[in-house]
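Student: Protein sequence lines, in the order shown, are assigned to chains A and B.
For what it's worth, the working numbering labels the leading residue of the first sequence as 146, then goes sequentially.
For what it's worth, the working numbering labels the leading residue of the second sequence as 286, then goes sequentially.
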Amino acid sequence: MCGLCAALNAGRAWTDTAGRPQFSNAGRPIRTSDERDRLVRLVNGVLQYYGLTVSDWGGSSYMVANPAGQNENVYALTGIWESVDKLLAGRKADPLDESLIKILEKLASPRNENA
Amino acid sequence: MRDATILTGFLGSGKTTLLNRMLTQPDFPASAVLVNEFGEVGIDNALLRFSTERVAVLANGCICCAVREDVEEAIRLLTEQEEKSEIPSFGHLFIETSGLADPARLIQTFSASPVLRSRFKLRCVAAAVDATLGAETLNRFDEAARQVALADTVILTKTDLMEEGRSVGPLLNQIQTVNPGVRTTIAHPQDLPDTLVQHLLGNAGPDPRDPAIAFMRGSSADGRLNIHHLLDTGISSFCLTLSETIDWTAFGMWLTWLLHRHGASVLRVKGLLNVAQCGGPVAFHAVQHMVYPPEHLDHWPTEDETSRLVFIVKDLDPALVERSLQAFNRLTRVEARYAREWTRHKDIGAGSTVRGRPIRRPSTPRWMR
Chain A
146 MCGLCAALNA GRAWTDTAGR PQFSNAGRPI RTSDERDRLV RLVNGVLQYY
196 GLTVSDWGGS SYMVANPAGQ NENVYALTGI WESVDKLLAG RKADPLDESL
246 IKILEKLASP RNENA
Chain B
286 MRDATILTGF LGSGKTTLLN RMLTQPDFPA SAVLVNEFGE VGIDNALLRF
336 STERVAVLAN GCICCAVRED VEEAIRLLTE QEEKSEIPSF GHLFIETSGL
386 ADPARLIQTF SASPVLRSRF KLRCVAAAVD ATLGAETLNR FDEAARQVAL
436 ADTVILTKTD LMEEGRSVGP LLNQIQTVNP GVRTTIAHPQ DLPDTLVQHL
486 LGNAGPDPRD PAIAFMRGSS ADGRLNIHHL LDTGISSFCL TLSETIDWTA
536 FGMWLTWLLH RHGASVLRVK GLLNVAQCGG PVAFHAVQHM VYPPEHLDHW
586 PTEDETSRLV FIVKDLDPAL VERSLQAFNR LTRVEARYAR EWTRHKDIGA
636 GSTVRGRPIR RPSTPRWMR
């Protein structure tokens, strides 16, 4: 628990790599802060399609925000997707949305990759 | 920590008869049996409890995450009575579901309930399939197909009632179509195979959840996008092969979102992954919203070291699932290029607002992180 804001930490999730000796980053152990930074980057890469942003909130939770300034504070990755649904106000964010997939494919296309 | 087994199967598939035969085997461990409905065949020499289906929906409101409150309560009562020596102690717990029950809820209950999670380990989900009517039932009834899709072991019953000259081969193929790589056994009318009993007790050699073993047996995991459909149920299974290494963070992000949005449609995901952040293969297994802790293996079961993921889904387009997974995984290639753009919101600091209230400083001083 955070002593300053009394926020509880989320438990370990199956997606976590930091602190697990089986996972490494080029031979080095993965630090929690690095893992969270990467997650925030990747989630932002996807959520920009919906105009939402995610940020790390003090290393213990995530803040999901929409352009209107509404925020949701969540503890874990699964909570991010619940917040996304709330902040989109009725619109359903879907990883199988064909237009989202097309945009991600374009983003990661070899031409873009080498640019 | 005691072991538990869920025995499921469609109406009239012979679950109770099978359980009765097993419990009357000599040297069978003392067991408690929780029956979802009153069966017609009495079970002797075992502790019996009955429960009527009562479902509690979890806080997030997702219906497929509902836990079986009745089962949780019945098991809690059993253990309390055992502690007070009101009933004999038992080493194994069997839960026999009703013919139309969805075992996913029971599996979820074992994961979500603190009482069950701390006292019982779910070792096996077994589905009984009637050898005479099983093929038609699997094609026509969604419930039957779901039960097989969620099982670790499928037991063919009533093989003695089959017509002369008919073989169980086509039915076994159909079962493999629904759940590629699932263990199948025949419960002969005269004697129960010892291996079957050991599997149900969770004592058999390899863990039935071990996809490495399952893949070696599985006929459909041969490196192509094989899609198998069941006629009327909308359930299909397919195997994805990914030649690129999988980024665990991207995979976690994708799957948690997929399960959040389509959890009720994704009956099962299992596979062996070549993960960029790991040396050896990672065995992966999920049932609807419940993801089991990934298992790190020492070696690949075959020479082929490509990632293989088997999906058992209902009304989902396999091609879209594959494209989506690949698109998310490839996002990591351009991650460095967009790093600044995608992390500019890293700290919500002074000047921004949370729930309309201004932030005067970051929540945690940087020196404390």
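We put the CB at the ideal spot given by N, CA and C, even for glycine.
Closer than 7 Å by beta-carbon distance: list the chain B residues that pair up with A:D179, in chain order.
Tutor: The residue given as residue 179 of chain A occupies position 34 in the first sequence. Correct list: empty, because the minimum Cβ distance to chain B is about 10 Å.
Student: Run through the DSSP bridge pairs and tell me what A:P212 is partnered with.
Tutor: Residue 212 of chain A sits at position 67 when you count from the first residue of the first sequence. Answer by DSSP bridge pairing: none, since A:P212 is not bridged.
Student: According to the neighbour-count rule (16 or more other Cβ atoms, all chains shown, within 10 Å of its Cβ), is B:R390 buried or exposed?
Tutor: Numbered from its first residue, the second sequence carries residue 390 of chain B at position 105. Classification for B:R390: buried.
Student: Identify every residue that forms a DSSP beta bridge with B:K252.
Tutor: In the structure as shown, chain B starts at 286 and stops at 654, and residue 252 of chain B therefore has no counterpart that could be examined.
Student: Could you pull out every residue in the same chain whose Cβ sits closer than 6 Å to the Cβ of B:G508, ignoring the five residues on either side in sequence?
Tutor: Taking the first residue of the second sequence as 1, we reach residue 508 of chain B at position 223. At B:G508 the pLDDT is 41, less than 50, meaning the model places this residue with poor confidence; the figure from the coordinates comes in the next sentence. Hits under 6 Å: T526.
Student: Could you tell me whether any Cβ in chain B is nearer than 8 Å to the Cβ of A:S169?
Tutor: Translated into positions along the first sequence, residue 169 of chain A becomes position 24. So yes, A:S169 belongs to the interface.
Student: Using DSSP bridges, identify the partner residues of A:S207.
Tutor: Residue 207 of chain A sits at position 62 when you count from the first residue of the first sequence. Per the sequence shown, residue 207 of chain A should be read as Tyr rather than Ser. Paired residue(s): A:D201, A:V219.
Student: Whether or not the segment 445 to 456 of chain B and the segment 567 to 575 of chain B are in contact is what I'm after, with contact meaning three or more pairs of Cβ atoms, one per stretch, closer than 8 Å; do they touch?
Tutor: No contact exists between the segment 567 to 575 of chain B and the segment 445 to 456 of chain B.
Student: Taking just the CA atoms, how far does B:E367 sit from B:A624?
Tutor: In the second sequence, the residue the question calls residue 624 of chain B occupies position 339. In the second sequence, the residue the question calls residue 367 of chain B occupies position 82. Looking at the two C-alpha atoms, the distance is approximately 58 Å.
Student: Thinking C-beta only, is B:V576 closer than 8 Å to A:W159?
Tutor: Position 14 of the first sequence holds residue 159 of chain A. Position 291 of the second sequence holds residue 576 of chain B. Yes; because the gap between Cβ atoms is below 8 Å, this pair is in contact.
Student: Counting only Cβ pairs nearer than 7 Å, list the residues of chain A close to B:S609.
Tutor: Numbered from 1 along the second sequence, position 324 holds the residue referred to as residue 609 of chain B. Correct list: P240, L241, I246.
Student: Among B:T293, B:V400, B:A429, B:T394, which residue has its Cα nearest to the Cα of B:E381?
Tutor: Position 96 of the second sequence holds residue 381 of chain B. Comparing Cα-Cα distances from B:E381 to each of B:T293, B:V400, B:A429, B:T394, the minimum goes to B:T293.
Student: Strictly below 8 Å CB to CB, what residues from chain A border B:L616?
Tutor: Here residue 616 of chain B refers to the residue found at position 331 of the second sequence. Those within 8 Å of B:L616 in chain A are L187, G190, V191, L249, L252, A253.
Student: Taking A:I246 and B:A612 to be in contact with their CB atoms under 8 Å, please state how far apart those CB atoms are, rounded to whole angstroms.
Tutor: Stepping through the first sequence from its first residue, residue 246 of chain A is reached at position 101. Stepping through the second sequence from its first residue, residue 612 of chain B is reached at position 327. Contact flag correct, Cβ pair sits at about 5 Å.
Student: Can you look up B:I380 in the DSSP assignment and give me helix, strand or coil?
Tutor: Indexing the second sequence from 1 puts residue 380 of chain B at position 95. In this structure, B:I380 counts as strand in the three-state DSSP scheme.
Student: Under 7 Å between beta-carbons, which chain B residues line up against A:R183? List them in chain order, please.
Tutor: The residue labelled residue 183 of chain A in the question sits at position 38 within the first sequence. The answer, in chain order, is T534.
Student: Please confirm whether B:W533 and B:V560 have their CB atoms less than 8 Å apart.
Tutor: Stepping through the second sequence from its first residue, residue 533 of chain B is reached at position 248. Stepping through the second sequence from its first residue, residue 560 of chain B is reached at position 275. Yes, they are a contact pair.
Student: Could you compute how far the alpha carbon of A:N170 sits from the alpha carbon of B:S403?
Tutor: In the first sequence, residue 170 of chain A corresponds to position 25, counting from 1. In the second sequence, residue 403 of chain B corresponds to position 118, counting from 1. Straight-line Cα distance between these residues: approximately 33 Å.
Student: Taking just the CA atoms, how far does B:I392 sit from B:S398?
Tutor: On the second sequence, residue 398 of chain B is found 113 positions in, with the first residue counted as 1. On the second sequence, residue 392 of chain B is found 107 positions in, with the first residue counted as 1. So the alpha carbons of these two residues sit roughly 10 Å apart.
Student: For the beta strand (DSSP E) containing B:F405, list its first residue and its last residue.
Tutor: The residue labelled residue 405 of chain B in the question sits at position 120 within the second sequence. Unbroken beta strand (DSSP E) run through B:F405: 405 to 415.
Student: Apart from the five residues on each side of it in sequence, which residues of its chain come closer than 7 Å, Cβ to Cβ, to B:G299?
Tutor: The count along the second sequence starts at 1 and reaches residue 299 of chain B at position 14. These residues qualify, in order along the chain: A413, D415, T442, K443.
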